Amino acid sequence: MTDMALLIEPVIPALRRYARALVRDRAEADDLVQDCLERVVGRWSQRRQDADARTWMFSILHNLAISRHRQARRRGPHLDMDAVEPSALTEPPAQEARVRHGELLKALDALPADQRALLLLVGVEGLSYAEAAVVLGVPIGTVMSRLSRGRDRLAEMMESGVQRTPLRRVK
Amino acid sequence: MTPLRPIAETDLHAYVDGALDGRREEEVRAYLEEHADIAARVRVYASQRDALREAWGPVANEPIPAELDLQRIVERARRPMPSWRIAAAVVTMLAVGGASGWLARGLSEPASSGVAALAREAADSYRVYAADPRRPVEIGPAGRADLVSWVSARLGSPVSAPDLSKAGYRFIGGRLVSTPHGAAAMFIYDGADGARLAVMVRPMAVERNTRMSERREGELGGVSWADRGMGYSLVGPASPHALHPLANDLRRQLDRPVVD
C-alpha cells in the first residue's frame, strides 16, 4: 500500500491539471481523475514492472478522456468555449500576459484533439517525447511532427485572431 | 559553427522543450543566432508553452478534493459487495417513490408472458409475501431441504435455494406462490441493513433462455433472466443496477445444479 501510494499520490496534482485542461469543467475533470485512480488502484498489480508509473497513469487518464469525449459527441453538441469565461477557468494573470489567456485557450480548443493533448502533455506536464508517445500510443516520430504542426497552427490562429466558431474535429 | 546534420523543424521544437543533447543544442543555438526570423518563431513557441503553463499551473496547487483521496479509493476497491449501496438505494428509491408517481411506472408496461411477466409476478409476490413483517415464509431456514424438495416437486424441475450469505443476506426460508403461469418458488433473504430480497423461480414456456434484464417495478428493483427453461427474478427495494452484482452471483450458483 505505501509503495503504491508513494508512486501514485505525487502524480495526482498533475493528473488533475491535465484533466482540467482537456475537459475544462472542474467537476467533470475530477470525475475523470477519480475514474482513473480507481483503475490505477485496481490494476496496480497488473502493470508492467518496468513501465514508469506516471506515464502509465497518464495513459489511463488520456484513454478515459478520449472515450468520454466520444460519448459526449454521440450525445450531442459539446460545450461551446465562447460560453465559458476564461477567468472562471483559472486564476486571472496578475498583469497583461505575453499572450492573452482567453485567446490562447480558445485557439488551443480549436486544435485537433491529438495536437491539443500533445501540447499539454509536453508543454505543461513536461513529459518527454518518448513518454508522450506511450501515452498517446503513437510512434515517437509522430509525436514530433504532430507537436510541430500543433504549435504552428496555434501560432497562426493567435496571429490571425481565433475564428469565432471553434472547429472541433477529431482528426 | 556548421552543424553536422542540417537543422530540422523538429530540432527547433526539441530545443524549446530542452530535449536535445548538449552538442545539438549548441548547434541549434548558433543557427538561431544567425537566423533572426527563425529565432522569432522559436520564441513564439516558447511563449505559447509558458502561457499554457501559466494558464493551467494553478490547478496543480489546489488542495486535492476528498473524493480523490487515495486512501479512500483503495478502501473502496477492497470492499467487494457494498451492502451500504443497496441500503442507500433503498432510501433514495423510497424517497423517490413517495414523492412522485414512480409507483405507477412498472404498471404502465403490460406484459403477459416471458421474462417481463416473470419480473412483474416476482414484484407482486414480493409485496404480498416477502414484505410481510410477521410471516413472510412458509418454511423457515431449518427446513431448507424440505422446502427445496417440496417446491421442486410442485414445479416439476429440480430447484435449489441460492446462498447469498457472502453478500450479507441471510436465508430466512421460502414458500410456494401463485402466478398466472402456475406455481413458482420464492426464496427470501434478510440483509444486515434491513433490506429484504426475494428470488423467484418458475418454469418458462415462452422465453426459455434470455439474458439478464433490469426492471423497476414501482418501488422495487428487479433483475430477471431465463436459463434452460427456468426463469429467475431477484427482487428487492433497491435499484436494479445495485442488485445486478448479486444477480450475477446467483446465476453462477444456479448454473451448476440444473440438469439438462
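Chains A and B are the protein sequences, given in the same order.
For the first sequence, numbering that gives the first Met the number 0 assigns the number 0 to the initial residue and increments by one for each residue that follows.
For the second sequence, numbering that gives the first Met the number 0 assigns the number 0 to the initial residue and increments by one for each residue that follows.
Note that CB positions come from ideal geometry on N, CA and C, so glycine has one too.
Predicted, not measured: the structure shown is a model, and the values here were computed from it.
Counterpart residues of residue i in DSSP-defined beta bridges
i	result
VAL198(B)	PHE186(B), LEU233(B)
GLY167(B)	DSSP lists no partner for GLY167(B).
VAL222(B)	GLU213(B), LEU233(B)
ARG148(A)	For ARG148(A), which the question treats as bridged, DSSP gives no partner whatsoever.
LEU5(A)	Answer is none; LEU5(A) lacks a bridge partner.
LEU175(B)	ALA184(B)
ILE63(B)	Per DSSP, none; premise fails for ILE63(B).
ILE138(B)	GLY173(B)
Straight-line Cα distance separating residue j from residue i
i	j	result
PRO202(B)	LEU242(B)	22 Å
ALA54(B)	LEU146(A)	19 Å
SER164(B)	GLY235(B)	16 Å
LEU154(B)	TYR188(B)	21 Å
ILE72(B)	LYS105(A)	34 Å
GLY217(B)	ALA184(B)	22 Å
ILE6(B)	VAL41(B)	13 Å
ILE139(A)	VAL133(A)	8 Å
GLY230(B)	PHE186(B)	14 Å
ALA237(B)	SER124(B)	16 Å
ASP162(B)	ALA141(B)	14 Å
SER151(B)	SER159(B)	8 Å
ASP24(A)	TYR128(A)	27 Å
VAL43(B)	ARG75(B)	47 Å
VAL200(B)	ALA112(A)	51 Å
ASP36(B)	ALA45(B)	15 Å
Whole-number beta carbon distance between residue j and residue i, since they are thought to touch under 8 Å
i	j	result
MET56(A)	LEU14(A)	6 Å
LEU233(B)	LEU175(B)	The Cβ separation is near 18 Å, so there is no contact.
TRP224(B)	VAL127(B)	Between VAL127(B) and TRP224(B) the Cβ distance is about 23 Å, and since that is not below 8 Å, they are no contact.
ALA18(A)	ALA28(A)	4 Å
ILE214(A)	LEU69(B)	Since the displayed chain A opens at 0 and closes at 170, residue 214(A) lies outside it and no answer follows.
ILE11(A)	LEU67(B)	6 Å
VAL22(A)	LEU36(A)	Not confirmed; about 16 Å, so no contact.
LEU253(B)	ALA122(B)	Going by Cβ atoms, the distance from LEU253(B) to ALA122(B) rounds to 20 Å, so no, they are not a contact pair.
LEU51(B)	LEU119(A)	7 Å
ASP34(A)	GLU130(A)	The Cβ separation is near 21 Å, so there is no contact.
ALA154(A)	GLN47(B)	7 Å
VAL205(B)	SER112(B)	5 Å
Cβ-heavy atom distance, residue i to the ligand COA, below 8 Å
i	result
GLU137(B)	Ligands in the displayed structure: none, and consequently the ligand COA is not present.
Beta-carbon proximity of residue i to residue j, cut-off 9 Å
i	j	result
VAL142(A)	VAL123(A)	no
LEU117(A)	LEU103(A)	no
GLY172(B)	LEU146(B)	yes
ARG46(A)	ALA59(B)	no
ARG264(B)	PRO239(B)	For residue 264(B) there is no data in the structure shown, the boundaries of chain B being 0 and 259.
ARG210(B)	ARG227(B)	no
Exercise for the section: Determine contact between the region 4-14 of chain B and the region 138-155 of chain A, defined as no fewer than three beta-carbon pairs at a distance below 8 Å. Expected result: At 8 Å Cβ cutoff, the stretches touch.
Handout entry: the region 246-253 of chain B in contact with the region 128-146 of chain B per 3-pair CB rule at 8 Å
Key = As far as the Cβ criterion goes, the region 246-253 of chain B does not touch the region 128-146 of chain B, which means the pair count is below three.
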